[in-house]
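Below is one structure, written out as structure tokens, with a few remarks after it.
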Amino acid sequence: METETTTTTSTTSTTTDKTNKKNYQKKSDIRAKRDVPAGVDMWKPTPLKRDEVPKRVLYDESSFSTVFPKYREKYIKEIWPLVEKELVEHGIDCKLDFIEGTMTVVTTKKCWDPVAILKARDLIKLLSRSVPFVHAKKIMEDDNNCDIIKIGGLVRNKERFVKRRQRLIGPDGATLKSIELLTRCYVLIQGTTVASIGPWDGLEKVRKIVEDCMKNIHPIYNIKELMIRRELFKNDALKSEDWSRFIPKFKKRNVQSKAPAPKKKKNRDAPSASTIFTPRKEDLEMESGEYFMSKESKDKKKKVEREKKQEEATIRRQQAQAKHYIAPAEKEFVQNAAAAAAASAKSTTDTLKNIQSNINKNKRKDIDSSSANDFIQGSAVEQPIKKKK
1 METETTTTTS
11 TTSTTTDKTN
21 KKNYQKKSDI
31 RAKRDVPAGV
41 DMWKPTPLKR
51 DEVPKRVLYD
61 ESSFSTVFPK
71 YREKYIKEIW
81 PLVEKELVEH
91 GIDCKLDFIE
101 GTMTVVTTKK
111 CWDPVAILKA
121 RDLIKLLSRS
131 VPFVHAKKIM
141 EDDNNCDIIK
151 IGGLVRNKER
161 FVKRRQRLIG
171 PDGATLKSIE
181 LLTRCYVLIQ
191 GTTVASIGPW
201 DGLEKVRKIV
211 EDCMKNIHPI
221 YNIKELMIRR
231 ELFKNDALKS
241 EDWSRFIPKF
251 KKRNVQSKAP
261 APKKKKNRDA
271 PSASTIFTPR
281 KEDLEMESGE
291 YFMSKESKDK
301 KKKVEREKKQ
311 EEATIRRQQA
321 QAKHYIAPAE
331 KEFVQNAAAA
341 AAASAKSTTD
351 TLKNIQSNIN
361 KNKRKDIDSS
371 SANDFIQGSA
381 VEQPIKKKK
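So this is what it looks like as structure tokens:
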């Protein structure tokens with residue numbers, strides 16, 4: 001009987017779950033079918049005038065404070081009167097503390113807009129994030145909102161982070177300017193944050209571009225998509241159609257510069273590097289049997305080994321010293337002497353032959369130059385000898 005009761009309870013629980021799911025699906029379908037009325041912009045805020053609000057709205061004091069860096073102290077001090085003038089119109093008081101380095105905004109009895117204190121909080125946040133007051137005061141308008149995107153923890157490597165942050169700015173700030181024009185937002189990149197001021201739909205686009213850029217997706221792809229959407233929105237014929245066929249789809253490609261190295265097959269039978277251990281001193285002593293010897297026998301063995309090493313060292317030293325006193329072999333000396341004698345005899349014979357050949361050449365020259373008049377007596381013309389005065 002117990003088993004039967006458990007089965008019935010389980011079946012009832014499953015049926016109730018199914019009915020709940022069906023009801024939830026019906027409600028979600030009804031919500032999806034509800035169309036937005038024509039001419040109504042869901043992003044546009046409803047304006048609030050001072051005459052429409054009762055005399056006193058807030059019965060309790062609300063305050064927000066923000067810390068600002070030291071390098072912003074001089075600028076904030078200069079523009080603080082303008083900040084006070086801007087917030088007094090909304091019934092909000094502001095305080096500046098240079099000792100603690102904080103800016104504080106507080107509601108007063110004259111505050112007629114409950115959202116004004118939140119706008120004032122965003123204003124001091126933007127001023128602390130290096131946004132100029134000219135752009136920061138736009139946050140007090142109903143149409144504008146702000147978004148501070150933290151990008152410091154999205155990329156680990158510092159060099160890579162700096163390169164990707166520079167992509168958002170682009171050459172001469174061209175990329176940043178195009179983002180501002182397409183999203184209708186003011187964007188400022190400072191340190192590890194990106195501050196943006198503008199309408200809600202534009203802030204969503206800015207956040208997507210910034211986060212994608214930190215994920216190594218270039219901003220130019222999102223900018224192209226926004227430009228295409230902008231042109232399609234202007235066309236009345238394509239307003240109500242699906243735009244997915246017009247938007248380009250970019251695929252990520254990883255181009256490998258080098259071919260992957262072939263993996264070496266591991267020999268399962270071969271011992272790994274972790275299993276090979278160097279033998280201990282005790283293991284080596286056990287192998288040699290020295291571990292089981294007594295202390296006296298160990299000392300005796302060491303003494304014998306030491307004496308043996310000393311004898312070998314003395315023999316090597318004596319042999320090295322005796323090398324200097326060993327005479328060279330006689331055979332080598334005789335061979336050297338015979339070779340020297342043969343070389344000297346050869347050189348003398350060559351010189352004698354050269355001398356003899358030179359003499360014979362001179363004799364031939366003398367015979368050829370002599371004529372027949374040299375052998376006839378009186379043929380030579382005697383020249384008169386001049387007497388010296």
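The opening position of the sequence shown corresponds to residue 1 in full-length UniProt numbering, with each subsequent residue numbered one higher.
Ideal placement from N, C-alpha and C gives every residue a C-beta, glycine not left out.
Alpha carbon to alpha carbon, how far is residue i from residue j?
i, j, result
"residue 131", "residue 168", "17 Å"
"residue 403", "residue 305", "Residue 403 cannot be examined here, being either before or after the span of the chain that is shown, 1 to 389."
"residue 100", "residue 176", "35 Å"
"residue 108", "residue 94", "10 Å"
"residue 164", "residue 147", "20 Å"
"residue 356", "residue 320", "57 Å"
"residue 178", "residue 265", "54 Å"
"residue 217", "residue 162", "15 Å"
"residue 182", "residue 232", "14 Å"
"residue 150", "residue 196", "12 Å"
"residue 58", "residue 116", "11 Å"
"residue 155", "residue 214", "7 Å"
"residue 303", "residue 270", "42 Å"
"residue 110", "residue 140", "17 Å"
From the DSSP output, which residues share a beta bridge with residue i?
i, result
"residue 128", "Answer is none; residue 128 lacks a bridge partner."
"residue 278", "In DSSP, residue 278 forms no bridge with anything."
"residue 175", "Looking at the DSSP assignment, residue 175 forms no beta bridge with any residue, so it has no partner."
"residue 106", "63 and 93"
"residue 190", "193"
What is the DSSP secondary structure of residue i, reduced to helix, strand or coil?
i, result
"residue 314", "helix"
"residue 197", "strand"
"residue 97", "strand"
"residue 10", "The predicted position of residue 10 is uncertain, since its pLDDT is 44 and thus under 50; no value can be drawn from it."
"residue 326", "coil"
"residue 432", "The question about residue 432 has no answer here: the residues shown for the chain are numbered 1 through 389."
"residue 297", "helix"
Need the endpoints of the alpha helix (DSSP H) that residue i sits in, please.
i, result
"residue 185", "It is not in any alpha helix (DSSP H) - residue 185 carries neither H nor E in the DSSP assignment."
"residue 133", "133 to 136"
"residue 162", "158 to 169"
"residue 49", "Here residue 49 belongs to no alpha helix (DSSP H), and DSSP marks it neither H nor E."
"residue 266", "That residue, residue 266, is in no alpha helix (DSSP H); it is neither H nor E in DSSP."
"residue 76", "73 to 88"
Could you spell out where the beta strand (DSSP E) holding residue i opens and where it closes?
i, result
"residue 234", "Counting along the chain, residue 234 falls outside any beta strand (DSSP E), though it belongs to the alpha helix (DSSP H) covering 219 to 234."
"residue 247", "Looking at the DSSP string, residue 247 is not in any beta strand (DSSP E), and its letter there is neither H nor E."
"residue 149", "145 to 150"
"residue 64", "63 to 67"
Short of 6 Å in beta carbon distance, which residues of its chain neighbour residue i, apart from the five on each side in sequence? Order them along the chain.
i, result
"residue 142", "45 and 47"
"residue 239", "none"
"residue 102", "65 and 67"
"residue 202", "183, 184 and 185"
Counting only the same chain and skipping the five closest in sequence on each side, list residues whose C-beta sits under 8 Å from that of residue i.
i, result
"residue 247", "225, 228 and 229"
"residue 199", "43, 143, 144, 145, 184 and 185"
"residue 98", "73 and 77"
Could you pull out every residue in the same chain whose Cβ sits closer than 7 Å to the Cβ of residue i, ignoring the five residues on either side in sequence?
i, result
"residue 285", "291"
"residue 124", "66, 103 and 105"
"residue 190", "129 and 130"
"residue 388", "The predicted model places residue 388 with a pLDDT of 49, which falls under 50 and marks its position as unreliable; any figure quoted below should be read in that light. For residue 388, where only same-chain residues beyond five positions count, there are no Cβ hits under 7 Å."
Counting only beta-carbon atoms, is residue i nearer than 9 Å to chain D?
i, result
"residue 227", "Although the question refers to chain D, the structure presented lacks it and comprises just one protein chain."
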